[in-house]
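One structure is given below, encoded as structure tokens.
Numbering (my numbering), first residue to last: -17 to 396.
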């Protein structure tokens, strides 16, 4: 108990960390208000359509571009200062073009283009570079321990999305029935980083000649497992939406995802505080024992806090749903608690995974995702047609427990 109190004091013990905690609390409030507005103004079928589109965008982005961004994040201590940004950006730009073409092809083919439009493709054309810029900015501020900038950018992104929603819902109501306005919110969020923070990025100049072929090999060695990982991560997080749509319909996708999103927010907002505090220790040249001890301490505190929070959610689920969503989504209020439980386990897993990212042992993370994704996919296909949304919950619970168990075992034996 004394150790946990000491860890809590350490968590809140300086101005940077206090600012970080305040930022995450503000982000949580803004996210909840945004979710409330969406639930009040957007009907479940339109919200379901947006989520199917967003799931596809997430898949291709995390498959083609996300690993390169992670490679940049892991290169700040040595490779990036030596060779500069140019080779990283060259590869990322080429992959961005491939990303856009993949999205265009997918939405043209899927259900014969029923869920596609030229406006959606225009959104992708704008959103892809904005998301890349935002991700690079957030990662650099995080790795270089510029927590104030990291926090400021984070909160401004949240506020930008909320302001966009308020502006459209209350001043341009004729557009409130269209799922495309939610994509407009994503663009508003991305614009903040591009216009306000891009000039603050630290530029690394090329200090030594680069062999581009050698660089490509390093890039591929790091990103190939992450690309494969992206497939299985997507199955874990989004595959059930397409199964629900196939067997139940767009309305049920919207109901499930709204309650899923609310249930996930509690720990998705808490977890970044711990990740940001761990990152400077894990990604720097510290002894392995120190890294493991730090992760264990933060992990124990995280579970203690999580259990108390889960208890509160269990006894107030219906009130939470009515206050933070709307009656339109009440059919799925019970989902909130179960998804919160899933995300306690899942986000705790993220804490232990940091050491494998930092040591470039990403295959371990890949194997954990494969095992949990296979369970999620098989159980989802078996249970959702019979039990509906309950089947999706059961499949996710099984998958997150398997993933955590695998990662924790590897962590203890590292």
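Every residue, glycine too, gets a C-beta built ideally from N, C-alpha and C.
Please read these numbers as outputs of a predicted model, since none were measured by experiment.
Please classify residue i as buried or exposed, where buried requires at least 16 neighbouring CB atoms within 10 angstroms.
i, result
"residue 185", "exposed"
"residue 214", "buried"
"residue 5", "buried"
"residue 271", "exposed"
"residue 139", "buried"
"residue 95", "exposed"
"residue 222", "buried"
"residue 245", "buried"
"residue -15", "Note that residue -15 scores 47 on pLDDT, short of 50, meaning its location in the model is unreliable; the coordinates nonetheless yield the value given after this. With fewer than 16 other Cβ atoms within 10 Å, it is exposed."
"residue 393", "buried"
"residue 216", "buried"
"residue -17", "Per-residue confidence for residue -17 stands at a pLDDT of 49, beneath the threshold of 50, marking its modelled position as unreliable; no derived number is given."
"residue 233", "buried"
"residue 100", "exposed"
"residue 335", "buried"
"residue 198", "exposed"
"residue 319", "buried"
"residue 152", "exposed"
"residue 124", "buried"
"residue 386", "buried"
"residue 211", "buried"
"residue 366", "buried"
"residue 42", "buried"
"residue 269", "exposed"
"residue 296", "exposed"
"residue 155", "exposed"
"residue 301", "exposed"
"residue 298", "exposed"
"residue 148", "exposed"
"residue 91", "exposed"
"residue 76", "exposed"
Throw me the rounded Cβ distance for the residue i and residue j pair, which I believe falls under 8 angstroms.
i, j, result
"residue 322", "residue 391", "In fact, because the Cβ distance is near 25 angstroms, the residues do not count as touching under 8 angstroms."
"residue 175", "residue 29", "Residue 175 to residue 29, Cβ: 25 angstroms. No contact."
"residue 172", "residue 109", "6 angstroms"
"residue 130", "residue 1", "6 angstroms"
"residue 17", "residue 379", "Actually they are not in contact, since the Cβ atoms of residue 17 and residue 379 sit about 23 angstroms apart, beyond 8 angstroms."
"residue 13", "residue 251", "7 angstroms"
"residue 333", "residue 260", "7 angstroms"
"residue 54", "residue 39", "The Cβ separation is near 21 angstroms, so there is no contact."
"residue 342", "residue 56", "7 angstroms"
"residue 274", "residue 337", "7 angstroms"
"residue 330", "residue 218", "Rounded, the Cβ-Cβ distance is 15 angstroms, inconsistent with contact."
"residue 311", "residue 161", "Incorrect: roughly 15 angstroms between the Cβ atoms, too far for contact."
Over what stretch of residues does the alpha helix (DSSP H) that includes residue i continue unbroken?
i, result
"residue 201", "194 to 229"
"residue 58", "Looking at the DSSP string, residue 58 is not in any alpha helix (DSSP H), and its letter there is neither H nor E."
"residue 25", "Note, residue 25: premise wrong, no alpha helix (DSSP H); not H, not E."
"residue 92", "From DSSP, residue 92 is part of no alpha helix (DSSP H); its letter is neither H nor E."
"residue 349", "344 to 369"
"residue 150", "129 to 153"
"residue 123", "100 to 125"
"residue 176", "Unbroken run through residue 176: none, as it is neither H nor E."
Check whether the Cβ of residue i lies closer than 7 angstroms to any heavy atom of the ligand COA, and answer yes or no.
i, result
"residue 219", "As far as ligands go, the structure on display features none, and thus does not contain the ligand COA."
Practice prompt. Scan the region 264 to 334 and note each continuous alpha helix (DSSP H) run of 4 residues or more that stays entirely inside, going in chain order.
Written response: 270 to 297, 299 to 306
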